Every structure is written in C-alpha cells, then in structure tokens.
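Residue numbers (the numbering used here), protein chains in the order written: chain R, 1 to 345; chain E, 1 to 345; chain P, 1 to 345; chain V, 1 to 345.
For each residue, glycine too, the CB sits at the ideal point set by N, CA and C.
Small disclaimer: the values here were computed from a predicted structure and weren't measured.
Read through the structure below, which is laid out as structure tokens, and then see the notes.
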C-alpha cells in the first residue's frame, strides 16, 4: 500500500482526492492537514465521505508527512513552495495540484502571480504532469506539478494539430468555459449562487494566470513559439470545462485525415476519448470521471478547424489527473482508482 | 457471474443500472432491450458509458431474457406486467423498477393507474424491495417490486417512529421534493429546462400515484392503518429527493430517545445513515450513491417531530436499491457494486 | 414628487428598491447611502441600473435624510434601530425592511436576535406593513416595519382560514422554501454556487427568526394564540418563496366554500391572486412582480387543507411590499410603480 | 392607439410580446391566435399574465388581422410566408419574428431551411429590423423581418470594427452561447431540464441557420464579403445570449481609439450600452430588458480584438427588438414600452 498524505484538504480538490483515493485499491490515507479545521472529522465537513473516510484534519506535521510515500498539495498557490523543499530533501515524492511548480521560468511566474517564487531551484526538477505528453518523465518524477484545469483541456485539444504542424501557431484561440467549482471553496461575493445562477459571463480577458502555463505547454508540444488568445468564461454549473479551440489550417489536409491523426495519437490513452466526427461533447458526459472527450469540426469546409474538448475540472483537470500521475509514478495500473463512470444525467 | 438482462434501458433508471452494473464485480451484462432504439450502441445514447458498456440495444427476445439469471425492468408502468408472467414461468428472477407490482391490491392499483392490472395473480407473490423492512423476504423473491423514489424516502424516515408507536398515525404529513430526473426521459413541455429552471412548485397535490404505495408500506410497518398527507414538489435539480416529514408525538419520549432509536434501528443498515441531532442533510450529500441520510428535529421542543430524509431518486430511489435487492437475492455482499462515494460538490 | 432616501442600498433589497422606484411616477430618488461603497456609482455595482439610476452611494448624512419625505432602510438588523429614533423626531417617515421593528415584544426580539433592542420605545408605534391585514393603520404610519419574506407568504396563505376560525390553530404547519437571494449579498461559503446548486436542504429547523414574527402575525389575525411548526428550505433558484401550508379542518366546510371565502377576502386586493381550485402556482409566475398567488387543495377529501402560496421574496417579500406601503402612506394609487408583469419564462 | 394582432402566441416570443405590449402606452391588443390553443385564456397558459392580459387565443382570422395596424408573427419558420402575402395586399404592416424574410436570397434560404421559399417576391421589400444599422429603412417598412437572436448580438458587436475597416474580414470568429429559451417551447428530449442542467455543450458547429443571416448582415455593414466562423453553445440558463467575438486587427489602431469609436457610434442608440474598457458584461445585466451591452478587450496587447456582447435573446434578440421596430415604424418614441430595468439578481 502506498502511504498518502494530503496537505490542505478542505477545498474542492481536496475532497475530490479523498473521493478517489478512499476507493483506490493501493492507497492508504495517512494524513490530511488543515490548519483552520484541525480536529474536525473530514466527514463532518464533507458528509458525502461519511462511512468512507475516518480521518480528522490535523495541523501539518513534517515528520508525519515525511513518513508518507507521496504527499499531495491541494493548497492555494504559494503554500506548496514553502513546504515542498524540505519534504523533497527527506525523500518524499510530491504531487502539487497548485500552480507553484507549473511554470519553469521563475520570473514569468512572479509576473503573473505578483510575488517572488521562493523555491526557484526546484523548478527545473519539477515534472509537468500531463501524462499524454509527458508520461516517461512522470515515471521518475520526485516533484510533480499537476496541470491546471483549463490548460489540460486546451493542450489535449490542440496537441495532435501542433505535433503535425498543420496549423498557424501564431493565431490560436481558446474560448473556454468553466463551472464554478473551479473558483474554489472561498467566501467571495462573485461566486455566490445569487450572483452566478441564470447568468453567463467572460472574465479575466485581459489576462488569466493559466495563459502562460498553456503557452509553455503548447510551445513544448509544437517545439516552437505559439501565440494563444485565451478567453475564459463562467458557466452556472458546478463541474466541467468546455474548451472551444480555433486554429487555421496551413496544410492541405482533410478533416478526415485530422480525425484519423487524433484517433491514432490517443489510441492507447486510457483517459482521452476522440468522438466520431460531427459530435458535440457535453460536459456532463465526463462529470466525476477522469476522461477528456474531444470532437473535431471544420465549419463550412473552410480553413478553420474547431476542436471541442470537455473535462471535469476537478477530476481530469485536477485531482483525477494527479492520481493518474501517482499511478504512473508508482508503477500501478494507470486506471487504478479511476475507472469511474461519469454521472449522467 | 450473474447473467443480467435489462428491459427498457433508454430511460434514466436504465442508464443508472448500467452505470452501477458495469462496475459490479459479479455481474455479466447480457442484453439491454429497447424497441425504439434497437441497433443503437448504448454508449451512443449515453456517452458517459463509452469505454464501459459495449452493448447495443436489442429488440426484446424472450429466449435471450429467459437465459438470464435476473431481468430488470426499467420500463414505464404497464410494460412489465405484460412480459413478466412468461419469464416467471421460465424460472427467471425479476426485479421490476416500475409500479406494476408494488401495490398488492389490484383494484387499488387500477384506480390510481387508470387501467386494469393484467397480472393480478402475481401480486401476492411479488416482494416489496425495501431491504430495511423486508430483507428476509427479499432473499427468496422471484418477483421483486423495487419501491418508488418518494416511498423509499418517506418509509425510511417514518419507520422507527411507527415501529415504536410513538406518533399519531392518523395525521402524518410528507412534504417531499424531487429533482426533475424523477419525471423520466420523456419529451414533455412541463419538464423543459425553460419551464423548470429558476422556479419551484408543488404538483399532484390532489393525489399522486405514490400515495397508495406509501400508505401500504406505512401500514405494513405500523401494523395498523396510517393516514398520510403527501405533497410532492419539483426542484430545479437533476437528482435528489428531500422529504420533510411531520408527525405528532403521542408518547412521552424525548428527542434524544428517538434519536437513539433511529441509530439503533439502522445500526447495521449499510445504506441508511442517521446524522447527529441538529443536522440538515443536503440532497447532494447522496448524489450518485445508494445512501439515505436522515436527521431528526423537534422544533421549539413542541409536540411535532420533524424528520428530514434525503436520497438520490435514481439510486436508492430506483436503480441502486434494485441492485441492493439483487445482491440480497443472490447471496452477494449487500454493498457489491454500490460502494460509491457521492459526488460533492 | 415624494423625496426618497435609501439607507444601505448595496444589498439585494436595495437594488430591488431602485429597480422599482426608478420607474415610479411619483418618486424622486434623493440619496442612497453605503459606508463601504461611498463614492461608487450605483450603476457600477448593479449594471442593470445603467441608464436608469445616476446616483452614487454616499455616507449616511442625517440632515440629507431628514430632508426626505420617506427613508427606506434596506439594512441588516440592528442598523435601523440606531438611526430611526432621530429621524422620527425630525418628522421623516420610515419604512424599515429589516427585522428591527417587526416584533412588538422587545424581550422576544432580544431572545431571537441575541442582543438587546435599543429603541424599544418605538415598537409600539411601529406599524406592521402587511396591507392585506393592516391597510388602515399603514395609512398613518410614521414608522413602518415591512414584513419578512416567509412571514408574508405564510400569513397571506393562512389568513382567511384563521379569520373564519375553520382550522385547528394549535397545529399549523408551514413548510416553506426560498431562493438564495433571501440570504442576502454576503460572502458566505454556504451560499456559494458550488455549495447550493443542484442540491436542496432544510435549514434552521430548530428555530428560524421568522417564526416569532409569523406567530405574532397569525395571532393578530386569529385573535387567539396560534401554534406553528415552521420549516424553511433552500431552493437553488435566485428569487422566489413557495410555502406549503397545512391546517386541519375543525369545521364542517367544503373546499368550495373555503375557495369562495379566499376569493372574496382577496377580491379587492391588487396583489393577491387566488387561483382556481386544483392549481399549482410556480414561483416563476411571480418573478419580479409584487403578486402573491394562492391555491387551495384538500387531498383525498380528508381533513387536511393544503394552501400553496408563492411570492417573489425580493418584491412582495421585501422591496415591492415596502413600496406598496409607501403608496398607501402617501395616498398614491396602490399599484403605482408596481404594475409589473412577472418575467416568464 | 395602434391596433395589434399576434399570430402564434403560445411560444416564448409570443408571451414576451404580451409582457411588453400589455404595458405599452400606445398599443391595443386586438387578437392573439393559436390553432392548437384556440379558446384558452392566454393567462391560463402563462399565469404571469393574469390580471394583465384578458385575451383568449383564437383561430387565425384574416379579416380580423387585416383590421389591425400591425400584425406580429411569433411563429416557427414557414408559417409567416404563407399568410403574409395576403395581409400585405390588404395594407397591414407586418413584423415577422421568424426567419422567413430575413435572408434576401431565396435560394440561400432554401438551402439552409430545406424547403422552397413560397413568397420570394416579398424578400426584396422586406426590411431587416436592426435599428442600429437600418433605422431609416425601418420607418417605412411594410414588411419587417426582425433579426435572429445570435445575429443581433454578433452584428452589434462587430459593427464599428467593420464600418471602420480595421480588421481582417476573412477570419472573423463568433463564439456564442445561448440560454435554453432560444430553443422555444417545444417538447424535445434535448431540451429537458435533466438533459441540459449542470452541463454545457456546443451544437450545430457544422452549420447553424443563423450563419447565413449573420454573414449577410456583416456583408451589408462592411460593404464587402465577410467570412465568419460561428460556433453556438447551450448554457443552462433560461434567457441570455453571450457572444465572444474575435477579430484580427489589420490597422494600426489602439484599443482606446476603438473604444472611442464604439462609444461614438452608439452614443445615440437607446439600447446599446458600451461599457468602460476592462468590463465583462453578465447576461443577467440585461435580463428582461432590450439592452445590448458591449465590452472591448485586446488581450496581452496582441493583434486580436475581443468583443463581448450580451443581450436577452427574448427581448433585444426577439420581441423587444420587434417592438422597438414597431415604435420606429409608427413614429412613436423608440423607448415606448421598453423602458424596463433588467431583473438583477
């Protein structure tokens, strides 16, 4: 059994880790920490866990965490980078769901997050946890940076187009929309039910923190500089991300050829599902599951390819992908604990 | 492996059976029938099942069904009673999720469903599938009538009060509210998103078909005639039933004593969770799971006891409870295939 | 033109007052105060008011308020009672939408609100603003206490039954449900979209602050002591209250007679609409309007009468009713500014 | 008073016409027709109209309609074109909310609607009812084609950019999202609450019927051929359209200059509201109102301009705009009956 610790388990990615890990056949949950809720039974905060998780939140204890095989950080940014260096020294493997180790360039990180990076020395060693692109490096990672939710959907959607060099890399567009759980479990007026329900809006159009992460990822995939316009929107749903991706063809290639390339590229991927041509994936088709579903279109046979990508932001966009990486890191079957059917309706 | 057939799998209880049974360790799905969708891959209708269920809908074939160990009917009422008699003769065990065999009195059934019952001879043999009250009889059932969604929540909520004879049986009230999936997957204007969203209403106040089923069940529990006022409401959510139950105390018994009685009565029930005093269960705490959560109150210390009961109408209120009964009928662990953590948030 | 001031206009009842008053033919908006948002244009906080309201929030200024004909308080409880005494002395008429002056018994108020009442001397003079019961006293009120949202729906629903002395006053039940805007515009985790959406729950079953207000009102109507069990619920909608009321008949009276009594009692009420027998009012049928719709049922012809009552909690349950009272107080047509068709769908 | 008839009033645009016209100071509602609901009181179908509209649905009667000053068609496509020619001959002015007369090229219409156009002779005479572009021609229109909902938002959003010839017309993108009321009040499984809620999807990516309408409109505005990629999405809200528009700058022009051009272009438009730079309009800020709100962005200062446009699909996207056109056609103040504050929250 793999001994697992979770730091910062009171948020939505924390409870989602518990939902998944509590049924994982190879995992023993050792500790879940929260300074603010120390002493509280996890199941008192999240009643869906009653009967499944007996732990109480505890104050973070380095010795206890150091005793784990792997520690997940489900914390806001700027928390993991304080604690991780010590745990790394003590040989623990780390899976960080926050943004702290996603961007390799510390200065770029600072510019977007508005504060200095306090563990820049670890950035080089951190492995970006997108299994479909980075599986080999993930196997041996000691410090894994789980991708953001938007970035996962956008990278998986563009990947085969970029690898095949079929589109104009200078004018990619990602029009994405997320459920409200992506904003986390924080008391903000903007995320109140009465502010969000029965409404829809874009936000962060001038610049969202996921932009540099996505561009870094697309650059890695394309092996050249990519230029992305990224516009996120807020949907009045709890879970789900839908990315509508636009790219302009520069190669003379048919939609059928592109479809075939996507199917082949993802043929052995356990969690990427390329739908038949003409499909329109709904976010609910992946609710609660670790799957990313993709569909391709070429409206009016013109030059623009449209890729539709859906994930559950809390699963493939966060906790599920983190567990998938854990499975790879520990040599377990990649679907262990993740063979979940999406909840529909 | 238990060979399972499903008749009428295009509705919401059908897809929910597939979600559960496709991960059940002891089940082999043999056939799923639908006249209207014969030939279609199940996963084309329900994309959440892609990669989990390979079956196609087929026209019902008695020989194929007769070859199953158990056949589930996930059909509208008045379908099972046409087909079940033949299958019963051929030795198949039946779990009917429709209303056809829930009410023992054929005349009463006819009055509420507006048509004659065509298999009244089987009504006596049918076992009402509420495990918490009827487990012993379920073990040997050949024909099992899975309870309705409202009836499950109301019976589990009132059961210990009635068994202890602590309340006035002549004036029980069940103020229940259901998510829209309870209305099924039928093209009706009343259930359109634009008709239901951002609104709330009661319906069927003059008389809902679940009333006679609930009263029969409460009579069985109380071993005397019970009088219930039942008012269902429609909530703009997909899944979930919340029943707020009112009963007047006739015995001199404290709320703590009642709480203790509930906890003891359900101590060994794998799917009934009595919350601590003062709790308010949310429907989402059981979304996707087979659990019924209960909480007790006695406002202002007056004479009225209020019981709050929540279930997922498609799971404990339908398909999950049906699988629970199957597990009992076939001597399997009662939680097999049902050890699911509710999806929260 | 009536000069109107609003104290505390940043909440939902504040913006709703502005929506209504900005189109009221006899009203001149003079000031809207908010300490926290002083200087901000109202339309920057509430973009729906762009082009309709030019005011900016200002720090409360007693002289400016004293210059108004009427001042509305759209504040949390415990604010109005600090400021009102001075304004009353200076001859301003007050319409308080908060709870400060609804309950005549200062001690009872203290018990439920957990702090002493600082203006008990004004309680006697305060007029409870339920026009359908109290219209004559409202005309001359200098200090008007606008009823709470739940209390409005429950009182209007029970009123004719109690006035006719047809039901058992000792065992009334109000099973109510409210949209989330009733919780106000405060940053609380419990009211986040991701906490509320696709779920339903009861809350405050042990005791909700509207209970003493409702019982006081029902006592006034019945001219005897009334006993109410009141259970509020939270619906994932923005606006709307639905009360399902249960009363036991003690008189030998038919449902048709009761219906006739309701129709007659409310025949001249501009904002109470008694639906035909057999109806099920939806909350959306009153969304944005000042109407209360009622429907009567007597399930199975038994002894329990069920009354369904719907209002928009922000209109007839708060700001609309306050304006209705203002119209009465100033001798204006009662429908002035309130002749609004509900938004459906 | 203008005598108004409405053909096909049972749908959502019909009830919305009634909501607006019943409060319009210059309008007398003469008739509302529906073959299927003839005899039914309008307020029985739409209870929000109780007390506001006394009409009953009637079978369409040409003589009665011919007696009106103006007849609105709130019908599915292919209905107006059957009846309009006769009414035109009899001198009635027509405002058609359906698609029948929006596209000037009968052949193009046929290709997208899959049937021949039966009144091609009227297409030349039909005036496209987008007041912001076509006000002068609307004044004298006898046959007015009210624009579609998506087309209104997209055209208003791109208009100043195209009139100023600042962007590449060959690669415009409109990523739009609509509330479910846009699909009308028809019994379709796809639009059930349980199919739509808590989910999000694109649809009609291969080709939506609004594409040729939008391209025709943009061509008219640009006076050259425009190429648009249009991807509509379905939001789980009742009302509202949000269009996120992408255009590539070809001119050397700053965002501030563009903003100034938008503000100037729409300065005298009563129903277009250009928000300050950096804004993100929510659909709820226009719910129930006839306003289109626009906001401009230029992410990262790169070459792509992003325009955000929101309308209420049933108001500015249908019935409100139709009434705005009526006001222009009959020389009334353009805001008559339309000075409505959006319902927020």
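- Collapsed DSSP secondary structure at residue 101/V in the structure displayed: For the purposes of this step, residue 101/V is taken as the residue at position 101 of the fourth chain. Residue state, collapsed to three classes: coil.
- Message: If you follow the beta strand (DSSP E) that residue 262/E is in, where does it begin and where does it stop?
- Response: Along the second chain, read from residue 1 onward, the residue named residue 262/E stands at position 262. Looking at the DSSP string, residue 262/E is not in any beta strand (DSSP E); the run it does join, the alpha helix (DSSP H), is 255-265.
- Tell me the DSSP bridge mates of residue 249/V? For the purposes of this step, residue 249/V is taken as the residue at position 249 of the fourth chain. Answer by DSSP bridge pairing, in chain order: 167/V.
- Proximal residues of chain V, C-beta to C-beta of residue 181/E below 7 Å: The count along the second chain starts at 1 and reaches residue 181/E at position 181. The answer, in chain order, is 194.
- Item | Contact check, residue 173/V vs residue 262/V, beta carbons under 7 Å | For the purposes of this step, residue 173/V is taken as the residue at position 173 of the fourth chain. For the purposes of this step, residue 262/V is taken as the residue at position 262 of the fourth chain. No. Outside cutoff.
- Message: Taking its Cβ as the centre, do 16 or more other Cβ atoms sit within 10 Å of residue 287/V, making it buried, or is it exposed?
- Response: Stepping through the fourth chain from its first residue, residue 287/V is reached at position 287. The residue in question, residue 287/V, is buried, as its Cβ has 16 or more Cβ neighbours within 10 Å.
- Out of curiosity, what's the CA-to-CA distance linking residue 230/E and residue 248/E? Translated into positions along the second chain, residue 230/E becomes position 230. Translated into positions along the second chain, residue 248/E becomes position 248. In a straight line, the C-alpha of residue 230/E is about 15 Å away from that of residue 248/E.
- Residue ranges of each beta strand (DSSP E) run of no fewer than 3 residues wholly in the stretch 275-324 of chain R, ordered along the chain? 292-297, 304-311
- Message: At a CB distance below 8 Å, what residues from the stretch 224-242 of chain R approach chain V? Give them in sequence order.
- Response: 227, 229, 230, 231, 233, 235, 236, 237, 238, 239, 240, 242
- Message: Is residue 177/V close to chain R? Criterion is C-beta to C-beta, closer than 7 Å.
- Response: For this step, residue 177/V is matched to residue 177 along the fourth chain. Yes, residue 177/V lies at the interface with chain R (some Cβ there is under 7 Å from its Cβ).
- Would DSSP call residue 56/V helix, strand or coil? The residue you call residue 56/V lines up with position 56 of the fourth chain. Correct three-state label for residue 56/V: strand.
- Message: Please return the same chain residues whose Cβ sits closer than 8 Å to the Cβ of residue 113/P, not counting the five positions on each side in sequence.
- Response: The residue labelled residue 113/P in the question sits at position 113 within the third chain. Closer than 8 Å at Cβ, skipping near neighbours: 77, 78, 99, 209.
- Close-in-space but distant-in-sequence residues of the same chain around residue 240/V (CB under 8 Å, 5 per side omitted): Here residue 240/V refers to the residue found at position 240 of the fourth chain. Closer than 8 Å at the Cβ level, and outside the excluded window around residue 240/V, lie 178, 179, 283, 284, 286, 287, 310, 311, 312, 313.
- Message: Nearest by alpha-carbon distance to residue 148/V: which of 115/V, 111/V, 316/V is it?
- Response: Start at 1 with the first residue of the fourth chain, and residue 148/V comes out as number 148. Looking at the Cα atoms, 316/V is the closest of the given residues.
- Do you know offhand how far residue 176/E's Cα is from residue 205/E's? Walking along the second chain from the start, residue 176/E turns up at place 176. Walking along the second chain from the start, residue 205/E turns up at place 205. Near 11 Å, if we compare the C-alpha coordinates of residue 205/E and residue 176/E.
- Query: Between the stretch 4-31 of chain P and chain V, which residues of the former have a C-beta closer than 9 Å to a C-beta of the latter?
  - Reply: Identification of residues in the stretch 4-31 of chain P having a C-beta nearer than 9 Å to some C-beta of chain V yields 12, 15, 16, 18, 19, 20, 22, 23, given in sequence order.
- Item | Limits of the beta strand (DSSP E) - the one that residue 92/E falls within | Locating residue 92/E in the second chain gives position 92, counting from the first residue. No beta strand (DSSP E) holds residue 92/E; DSSP gives it neither H nor E.
- Rounded separation between residue 227/V and residue 158/V - CA only: Here residue 227/V refers to the residue found at position 227 when the fourth chain is read from its first residue. Here residue 158/V refers to the residue found at position 158 when the fourth chain is read from its first residue. Whole-angstrom Cα-Cα distance: 12 Å.
- Item | Proximity to residue 201/V [Cα-Cα], best of 40/R, 294/R, 8/R, 253/R | Locating residue 201/V in the fourth chain gives position 201, counting from the first residue. It is 294/R whose Cα lies nearest to the Cα of residue 201/V.
- Query: Mind checking residue 20/V: buried by the 16 CB within 10 Å criterion, or exposed?
  - Reply: One-based indexing of the fourth chain puts residue 20/V at position 20. Counting Cβ neighbours within 10 Å, residue 20/V comes out buried, since at least 16 surround it.
- Classify residue 235/E as helix, strand or coil using the three-state DSSP reduction. Residue numbering aside, residue 235/E sits at position 235 when the second chain is read from its first letter. Reduced to three states, the DSSP call for residue 235/E is coil.
- Task: Assign residue 151/V to buried or exposed, taking buried as 16 or more other Cβ atoms, counted over all protein chains shown, within 10 Å of its Cβ.
- Result: The residue labelled residue 151/V in the question sits at position 151 within the fourth chain. With a 10 Å radius around the Cβ and a threshold of 16 neighbouring Cβ atoms, residue 151/V comes out buried.
- Using a C-beta to C-beta distance shorter than 9 Å, which residues of chain P count as neighbours of residue 49/V? In the fourth chain, counting from the first residue as 1, residue 49/V sits at position 49. Within chain P, the residues near residue 49/V are 341, 342, 344.
- Query: Is the Cβ-Cβ distance between residue 74/P and residue 121/P less than 7 Å?
  - Reply: As a working note, residue 74/P is residue 74 in the third chain. As a working note, residue 121/P is residue 121 in the third chain. Using a Cβ distance threshold of 7 Å, residue 74/P and residue 121/P do not count as a contacting pair.
- Could you tell me whether the stretch 324-340 of chain E touches the stretch 296-306 of chain E, using the rule of 3 or more Cβ pairs below 8 Å? no
- Task: With 7 Å as the threshold, decide whether the Cβ of residue 189/R is near any Cβ in chain P.
- Result: Here residue 189/R corresponds to residue number 189 of the first chain, with the count starting at 1. Yes, because at least one Cβ of chain P sits closer than 7 Å to the Cβ of residue 189/R.
- Message: So the candidates are 93/P, 56/P, 236/P, 273/P; which of them puts its Cα closest to the Cα of residue 68/P?
- Response: Working through the third chain from its first residue, we reach residue 68/P at position 68. Cα-wise, what sits closest to residue 68/P is 93/P.
- Is it a yes or a no for the stretch 55-66 of chain R touching the stretch 20-36 of chain R, going by three-plus beta-carbon pairs under 8 Å? yes
- If we count the other Cβ atoms within 10 Å of its Cβ and call it buried at 16 or more, is residue 254/R buried or exposed? Indexing the first chain from 1 puts residue 254/R at position 254. Classification of residue 254/R: exposed, given that the 10 Å Cβ count is below 16.
- Item | Simplified DSSP state of residue 152/P, which is helix, strand or coil | Start at 1 with the first residue of the third chain, and residue 152/P comes out as number 152. Here residue 152/P sits in helix by DSSP.
- With a cut-off of 7 Å, does the C-beta of residue 337/V fall near any C-beta of chain P? In the fourth chain, the residue the question calls residue 337/V occupies position 337. No, its Cβ sits nowhere closer than 7 Å to a Cβ of chain P.
- Name the residue from 70/E, 331/E, 291/E, 304/E whose alpha carbon lies nearest to the alpha carbon of residue 320/E. Stepping through the second chain from its first residue, residue 320/E is reached at position 320. When each option's Cα is compared against that of residue 320/E, the closest is 291/E.
- Quick one, are the C-beta atoms of residue 274/P and residue 181/P less than 7 Å apart? Counting from 1 along the third chain, the entry for residue 274/P is found at position 274. Counting from 1 along the third chain, the entry for residue 181/P is found at position 181. Not closer than 7 Å, so no.
- Listed by chain order, chain R residues near residue 273/E by CB distance under 7 Å: For this step, residue 273/E is matched to residue 273 along the second chain. Result: 50, 51.
- Rounded to whole angstroms, how far is the Cβ of residue 108/P from the Cβ of residue 129/P, which I believe are closer than 8 Å? Start at 1 with the first residue of the third chain, and residue 108/P comes out as number 108. Start at 1 with the first residue of the third chain, and residue 129/P comes out as number 129. Rounded, the Cβ-Cβ distance is 19 Å, inconsistent with contact.
- Query: Would you say residue 290/R faces chain P, with C-beta separation under 7 Å as the test?
  - Reply: In the first chain, the residue the question calls residue 290/R occupies position 290. Chain P has no Cβ within less than 7 Å of the Cβ of residue 290/R.
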